[in-house]
Structures are given as C-alpha cells and as structure tokens.
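**Q** Below is a structure I'd like to ask you about.
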C-alpha cells in the first residue's frame with residue numbers, strides 16, 4: 039500500500055467553475071476525512087466518512103461543497119461555483135476504526151481560484 | 131466553542147531541548163494529539179495523550195494536564211530536520227469525532 043493518494047496535486051481554476059478532487063485512502067482504513075488548510079493555519083475539518091456513510095459535515099461548509107464515498111473506498115470532494123476564498127490546500131486523511139484519531143494524511147490538492 | 135492556542139513561531143539551537151505549549155478550551159475532551167508538518171508536506175502523527183502525565187517516544191515526549199487544559203511537546207537533542215510546524219489537535223467528544231487542530235507552531239532549528 040502506498041499510503042493516501044490525492045489527485046490532482048495542483049488545480050488552478052477560474053472563479054465560478056466547478057472542481058472535483060479525488061482521494062484514495064489506505065485500503066484497510068474505513069474512516070476518511072477531508073480537511074482544508076490555508077497558509078499559516080492548521081487543518082480545518084470539512085467532513086468525514088465511515089465506510090460509505092457521511093457521518094459529519096462542518097457547519098462551515100457551504101452548500102457549494104459536496105463529498106461522496108460511494109463504495110466505501112475512494113472519495114471525491116466537489117466544489118461548485120468556486121470563489122477566491124476557496125483557494126487552499128485540501129487534505130484527505132484516513133484512519134482505522136480502532137485508532138480513529140491516528141490519521142494518515144495524503145499530500146493534498148492545492149487549489150488556486152483566479 | 132473550541133479554542134486551541136499555541137505559539138506561532140519558535141527558534142531553537144541544534145542539540146538543544148525545546149518545549150512547545152498548547153492550551154485548549156473545548157466543550158469536551160477525549161484526547162490530545164500532536165502532528166508534525168514539514169513545509170509543503172502533509173501532517174504526520176507524532177503522539178497522543180488521553181490521561182494526565184508524560185508519554186515518551188524517543189526524542190519526543192508529550193505531556194497532558196486535563197485539569198489545566200494544557201499540553202506540551204518536548205523535543206530533545208534537536209536536529210535540523212526537526213524544523214517543521216507542530217500541530218496540537220484535540221478530540222473533544224467520543225472517539226468518533228474528528229480532530230480539531232490548532233494553528234500550529236513553526237519551529238526553526240538553527241546551527
């Protein structure tokens with residue numbers, strides 16, 4: 039297993055466009071988390087899944103954001119009608135149910151909205 | 131509400147010892163975690179404390195006082211590769227809740 043993979047590594051998009059990111063967690067990890075991080079800040083929680091079920095979504099997450107994990111394996115995060123304030127590093131992490139807070143993070147997708 | 135405070139930046143000398151403090155005020159508490167993040171890279175797990183006291187792991191140790199809402203990460207025999215951001219994170223309810231991260235402390239190790 040090569041760890042948590044995220045694709046793409048970088049994305050530049052024009053304001054108003056939709057973007058979708060993919061995360062492939064460690065195969066035996068049933069928990070998957072999405073966080074967002076801006077420069078000089080810690081990761082900010084967006085949403086998380088246990089298997090295919092989305093268990094929690096941050097109140098900070100607007101309706102423009104949606105995430106799926108259809109088969110309990112990979113996950114996608116979509117941002118519709120992107121805004122400049124969406125520019126950030128989007129981090130995916132996975133963990134075992136037996137150690138839910140020991141995260142393995144992916145390298146992230148850096149989104150720039152111009 | 132949730133509030134996690136840690137110093138923004140610290141500088142220490144190679145070979146020395148440095149202590150990075152973290153204070154938290156959260157609606158509940160179920161564990162405190164430390165992650166290391168090198169510039170441009172993903173965070174990696176370092177240690178966690180659930181009960182009061184010191185947890186030692188090689189050159190790194192982490193301490194927790196739940197009554198004071200306080201933790202620190204102690205790094206001994208500093209090496210240049212320890213230059214990174216150190217993130218304090220709290221699990222505020224059950225083991226099912228996601229971590230809440232502080233803003234991180236950027237540590238610079240100088241020769």
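Chains as they are written, first to last, in our numbering: chain A, 39 to 152; chain B, 131 to 241.
The beta carbon of each residue, even a glycine, is placed where N, CA and C say it ideally should be.
Quick caveat: nothing in here was measured; it's all calculated off a predicted structure.
1. Helix, strand or coil, according to DSSP, for residue 79(A) in the structure here?
2. Starting from residue 146(A), find everything on chain C with Cβ-Cβ shorter than 8 Å and list it in chain order.
3. Residues in the same chain with beta-carbon distance under 8 Å from residue 150(A), minus the five sequence neighbours each way, listed in chain order, please.
4. If we cut at 8 Å on Cβ distances, does residue 193(B) have a partner in chain A?
5. For residue 169(B), which residues in the same chain have their Cβ closer than 8 Å to its Cβ, ignoring the five residues on either side in sequence?
6. Using the Cα positions of residue 234(B) and residue 101(A), report the straight-line distance between them to the nearest angstrom.
7. Rank 190(B), 159(B), 232(B) and 146(B) by C-alpha distance to the C-alpha of residue 239(B) and give the top, closest one.
8. What are the start and end residues of the beta strand (DSSP E) that includes residue 175(B)?
9. For residue 136(B), does the three-state DSSP call read helix, strand or coil?
10. Can you pull the chain A neighbours of residue 221(B), defined as C-beta to C-beta under 9 Å?
11. Can you find the residues in the same chain that come closer than 6 Å, C-beta to C-beta, to residue 148(A), ignoring five residues on each side of it along the sequence?
12. Here's the rule: buried if 16 or more other CB atoms are within 10 angstroms of the residue's CB, otherwise exposed. What is residue 188(B)?
13. If residue 120(A) and residue 57(A) are in contact, beta carbons under 8 Å, what's the gap, nearest whole angstrom?
14. On the three-pair Cβ rule with 8 Å, is the stretch 84-95 of chain A touching the stretch 103-114 of chain A?
15. Give me, in chain order, the residues of the same chain whose beta-carbon lies closer than 8 Å to that of residue 41(A); leave out the 5 immediate sequence neighbours on both sides.
16. Write down every uninterrupted run of the beta strand (DSSP E) in the stretch 208-240 of chain B whose length is 3 residues or greater and which is fully enclosed by it, in chain order.
**A** Once the coordinates are examined:
1. coil
2. The chain inventory of the structure shown lacks chain C, comprising the protein chains A and B.
3. 48, 49, 50, 51 and 125
4. no
5. 214 and 215
6. 28 Å
7. 146(B)
8. 174-179
9. coil
10. 138 and 139
11. 48 and 127
12. exposed
13. 6 Å
14. yes
15. 64, 142 and 144
16. 214-220 and 235-240
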